[in-house]
Amino acid sequence: MTWTPFASVAETLRALESGAVSSEEVTRAYLERIANLEGRVHAFLSVYPDEALAAARAADARRMAARRHPDETLPPLLGLPIAVKDVLAVRGMTLTCGSRILEGFVPPYTATAVQRLLDAGVIIVGKTNTDEFAMGSSTENSAYGPTHNPWDLSRVPGGSSGGSAAAVAARMVPVALGTDTGGSVRQPASYTGVSGLKPTYGRVSRYGLVAYGSSLDTVGVLAPAVADLVPFFTLMAGHDPRDATSMDLPVPAVDLTDAVEAVQGLRVGLPKEYFLAEGMQPEVVQAVQAAVRHLETLGAQVVEVSLPHTEYALPVYYIIAPSEASANLARYDGIRYGPRVGAARMWDVFYRTRGRLFGPEVKRRIMLGTYALSAGYYDAYYAQAQKVRTLLKRDFERAFEQVDLLAAPVAPSTAFKLGEKTEDPLAMYLEDVFTLPANLAGVPGLAFPVGFDEQGLPIGMQLMGPHFREDLLFRVAHAYQQTTDWHTRVPPVAR
Amino acid sequence: MQFEPVIGLEVHAELQTRSKMFCACPVVDLTTAEPNTAVCEVCAALPGTLPVINEQAVDYALRVALALECQVRRVSVFARKNYFYPDLPKGYQISQYELPLAQHGRLWIRTSQGERAVRIRRVHLEEDTGKLTHVQRDGETYSLVDLNRAGVPLLEIVSEPDMHSVEEVRAYATALRQLLRYLGVNSGDMQKGVIRFEANVSVRPAGSQALGTRVEIKNLNSFRALEESVAYEIRRQMAVLEAGGRVEQQTLGWDEARRRTVPQRSKEEAHDYRYFPEPDLPPLQVDDAWLERVRAALPELPHARFQRMRQAYGLTPAEAELLTAERAVADYFEAAAQAARQQGVPTKMVVNWVTGELFGRLNREGLRIDEAPITPQGLADLVALVHRGELNKQAGQKVLAEIFARGGGEPRAVMEALGLRQVSDADQIEVWVAEVLEAHPAEVAKYLAGKESVLNWLFGQVMRRARGRANPQVVRQALRAALEARRG
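Protein chains in written order, with this note's numbering: chain A, 1 to 495; chain B, 1001 to 1488.
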């Protein structure tokens, strides 16, 4: 069998192992796809072809050398090219966060999650586009131009990990890392018809992930199939002494064998609040209901449950995340790194650098957060939001007393047109209404395609589970993908 | 009208741990280290970096909290204090706000009014900022940023407004500095800025319980600045009130050159720090076992040691003050006193030798007590030699000087080497006396004519002839006897 760039991660690794293909060939194939598609999709903020090919040749050499020493164990992902969202630090590669304020910034260190993958042998071909500082749901807030949805180039890929989602959907890379603070992995996965994991908060180190909402930020991963995600998750997960919020818990191996059989008897909850939102696209509801029925046919018990505080997730999120962001983004002052807009007086350096180099959505959230934390407003906003956040967490705890996991739509609709919501921040915020609760509660969420609407745009469903039960989500979603083929569809532009 | 000053102090003390509060960078001497050599991506606040709590800093903070008899919170919370300044890399300082590490303690102070406790409101952990230096170059002003200090662990110790005089302020600051040094968490080296003060000062009519309007004096980096600025503020506020005016609540700085407080403008103008819990750090948990470990390892504290040493060695308050000022001094003295006691030497002699001769020498040489070339045992031996009359006091001083000059040495060996063993032999001394009287007939005549004061001069001449070795009492006796004999 000849290798193609449409191969799964497992197939590519097998081909590399058997010598059917070299890492250089694999890497070159993806780089060619990037070269062909990037002009239309604009998934990347930087691409490193020479470095990637050099790393691929080194991987090949290592594999060759290992053939002479059969007892030598090779890193599990040796020679596999991936892309990394440009909010994760990779030493020697620019880290812009989609912002002018970090234009040209090259970090001298690598994010822990990325380093663990590099240690496992991956090759990073480039950094993917993102809404500025991961603030957005369409990748239109990137200071370097929007990414286009490979399924319809006039539409957004979702966001903020829109670059990673589009790159995976167009098979410009087999896997890409994203980050999810309020849905930024799951929603673009849904819009581009790929699978995407948001792990439990504290499961994957945030060290080297440029902070947006520190109590919500997670490092996730996107790929066509759920099975492709698993090795990435298990390698990235686990305690990191450099992140005090990363949990010191063992990471169980995820066993996908007999996943279909394991669905038998599982209790799947349908949170009714996720189907009642205003302006929901009927096809989304229908596709998700069909997917749930499919799980039923595999033996799952489907139960309606209630997460009664769901409607507060949006206002709570838009207080907590901007509050944290207002402090997290204070370091971009033009003093130590990044471009500086010079001025005669010190304060003017701050005002001008921040005033000119931050985009409008970033400024909006900094102002929102600054306001919510201000003396006299703190109790009414930030402190109150934290209380409601506790109620939201409790919703999930109660639900998981009744069911093993939850199934729900990822977003109220399929991908919208570029520019359609840029003038209406609230409409844009509503895109995240179903993804925010998992971030606020810290629970894992896994999005994957369950159908297409009449315009041929992908529809996603998400599974949410108890803290640290990514394994459960993987098995159920894998069972679904073993018995369906939505995840194998490739957008016409990329075929 | 009589007024009573009311003063509270906020003290910022750096904790001299090996590494910084939230990263692995070393804590360096800011006055000698090259700028920006102890800086990493965390303390420079590069994007994506995260803080991790330095356990040693918490340990040090617990020492201080327990020594101040505070209630330690089992769970305390770090918070972000938000403001912009070029010396603050993250744009916020990680500090503690609503739930500090420890509260409700007290510190014993001694003044001319006696002993009393000043209540401690809170003790909390935070990180220091970097340092700005403003330079002129080509007619332009530049501000240079040094981040060596950014992220150094800082302990903030806040008193209640319990002090009512400059003397009490001085006593509090001194006692706190002493305590920090005893605990081994801070060098107390004010010139290096490792302790900084802020004073809250108000005055009120004597007898009143209400608090007057207070001002805050910031950035006081020496005892002198602290005392002078507080004294100045007390006088200024009293004058304002006496003139029927009102004290304005404000933040002040101390103008060293003009010796006056001045309203401060700067980052402090932005009053709303928008504190909120630090999401990058889980709440700090201190369990009983940890507290007990720290408590068990605490040294004897200055206040207790002062009391005990007064009793045990019969010290005057002034002597006890001097000998317990530093832990190393107290250790040295106690070791010497005990060694001397075994040789039957009165403690009083040891006190005098330590506070007089030894301190004098150390001062002259610029040495710390732990750098003294003579061990406590050596000092006890030296004092014993004097006590037993083998050395006279002067010769004893010479032996000490020689030990300092050689950088060490055993007193008896040094004494022998210098030939300083005291001569008490009356025959030998009579010979020296006779020689001196022979050589100075004019002075002898003056004495015999009634000029008693010549005796001391003649005594000196005999001691000189004896190269300082003669037993002074025997010399005095022999001299007087010989002179009287000449009277005929």
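Cβ atoms here follow ideal geometry from the backbone N, Cα and C, with glycine treated the same way.
Residues in the same chain with beta-carbon distance under 6 Å from residue i, minus the five sequence neighbours each way, listed in chain order, please.
i, result
"phenylalanine 1333 of chain B", "Leu1323 and Val1354"
"alanine 1117 of chain B", "Arg1106 and Trp1108"
"glycine 1468 of chain B", "Gln1394 and Ala1395"
"arginine 1224 of chain B", "none"
"threonine 1347 of chain B", "Tyr1313 and Ala1337"
Could you name the residues of the same chain whose beta carbon sits closer than 7 Å to that of residue i, not counting the 5 residues immediately before and after it, in chain order?
i, result
"arginine 1260 of chain B", "Tyr1232"
"proline 150 of chain A", "Val41, Ala166, Ala169, Ala170, Thr192, Pro491, Val493 and Ala494"
"phenylalanine 1404 of chain B", "Arg1361, Glu1365 and Pro1373"
"glycine 1408 of chain B", "Pro1373"
"alanine 277 of chain A", "Pro412 and Val433"
"glutamate 1319 of chain B", "Val1351 and Thr1355"
"serine 326 of chain A", "Ile366, Gly369, Thr370 and Leu373"
Measure the Cβ-Cβ separation of residue i and residue j and say whether it is below 9 Å.
i, j, result
"leucine 177 of chain A", "leucine 117 of chain A", "yes"
"glutamate 1390 of chain B", "glutamine 1343 of chain B", "no"
"leucine 235 of chain A", "serine 161 of chain A", "no"
"serine 190 of chain A", "alanine 447 of chain A", "yes"
"glutamate 1198 of chain B", "valine 1011 of chain B", "yes"
"arginine 267 of chain A", "glutamine 301 of chain A", "yes"
"threonine 94 of chain A", "phenylalanine 105 of chain A", "yes"
"isoleucine 124 of chain A", "alanine 54 of chain A", "no"
"aspartate 228 of chain A", "valine 9 of chain A", "yes"
"leucine 1284 of chain B", "valine 1077 of chain B", "yes"
"leucine 1437 of chain B", "valine 1431 of chain B", "no"
"proline 76 of chain A", "valine 90 of chain A", "no"
"alanine 321 of chain A", "tyrosine 207 of chain A", "no"
Taking just the CA atoms, how far does residue j sit from residue i?
i, j, result
"alanine 143 of chain A", "asparagine 129 of chain A", "10 Å"
"proline 146 of chain A", "arginine 100 of chain A", "14 Å"
"leucine 368 of chain A", "serine 323 of chain A", "7 Å"
"valine 1475 of chain B", "valine 1433 of chain B", "8 Å"
"cysteine 1025 of chain B", "alanine 1038 of chain B", "6 Å"
"valine 1386 of chain B", "glutamine 1178 of chain B", "33 Å"
"serine 1202 of chain B", "leucine 1400 of chain B", "51 Å"
"leucine 249 of chain A", "alanine 1312 of chain B", "56 Å"
"valine 1286 of chain B", "leucine 1099 of chain B", "13 Å"
"methionine 1001 of chain B", "glutamate 1242 of chain B", "8 Å"
"lysine 1267 of chain B", "phenylalanine 1022 of chain B", "Annotation note: pLDDT 47 at lysine 1267 of chain B (below 50); position unreliable, coordinate value reported separately. Using only the alpha carbons, I get a separation of about 23 Å."
"alanine 494 of chain A", "alanine 170 of chain A", "5 Å"
"leucine 74 of chain A", "serine 18 of chain A", "13 Å"
"serine 1143 of chain B", "threonine 1133 of chain B", "6 Å"
"leucine 1298 of chain B", "glutamate 1410 of chain B", "34 Å"
"glycine 158 of chain A", "proline 188 of chain A", "4 Å"
Along chain A, in chain order, which residues have C-beta atoms closer than 9 Å to that of residue i?
i, result
"proline 1086 of chain B", "Asp333, Ile335, Arg336, Met346, Val349 and Phe350"
"glycine 1091 of chain B", "Ala327, Asn328, Leu329, Ala330, Arg331, Tyr332 and Asp333"
Taking C-beta pairs closer than 9 Å, name the residues in chain B that residue i reaches, listed in chain order.
i, result
"arginine 206 of chain A", "Gly1048, Leu1050 and Asp1280"
"alanine 111 of chain A", "Gly1048"
Using a Cβ cut-off of 8 Å, pull out every chain A residue sitting near residue i, in sequence order please.
i, result
"arginine 1274 of chain B", "Ser326, Ala327, Thr370, Leu373, Ser374, Ala375 and Tyr378"
"valine 1145 of chain B", "Ile335 and Arg336"
List, in chain order, every chain D residue whose beta-carbon is nearer than 9 Å to that of residue i.
i, result
"isoleucine 1053 of chain B", "No chain D is part of this structure, whose protein chains are labelled A and B."
What residues of chain B sit near residue i, judged by a beta carbon separation below 7 Å?
i, result
"proline 108 of chain A", "Glu1041"
"leucine 95 of chain A", "Pro1047"
"serine 215 of chain A", "Pro1279"
Leaving out the 5 sequence neighbours to the left and right, which residues in its chain are closer than 8 Å to residue i when beta-carbon positions are compared?
i, result
"tyrosine 312 of chain A", "Val388, Leu391 and Leu392"
"glutamine 455 of chain A", "Asp152 and Thr414"
"aspartate 333 of chain A", "Val349, Phe350, Thr353 and Arg354"
"threonine 1129 of chain B", "Tyr1085, Asp1087, Leu1088, Gln1093, Arg1149 and Ala1150"
"valine 305 of chain A", "Gly269, Leu270, Pro271, Lys272, Ala399, Gln402, Val403 and Leu406"
Counting only Cβ pairs nearer than 8 Å, list the residues of chain B close to residue i.
i, result
"leucine 209 of chain A", "Gly1048"
"tyrosine 382 of chain A", "Phe1276"
For residue i, return the contacting residues in chain A, with the cut-off set at a CB-CB distance below 7 Å.
i, result
"arginine 1080 of chain B", "Ala327"
"alanine 1044 of chain B", "Arg336"
Open item on the list: If the cut-off is 8 Å on Cβ atoms, which residues from the region 293 to 323 of chain A count as contacting chain B, listed in chain order?
Closed with: Ser323
- [ ] Output, in sequence order along the chain, the residues in the region 233 to 264 of chain A whose CB is closer than 8 Å to any CB in chain B.
- [x] Pro241, Arg242, Asp243, Ala244 and Thr245
TODO: Quick one: which residues of the region 150 to 172 of chain A get their C-beta closer than 9 Å to a C-beta of chain B? List them in chain order.
DONE: none
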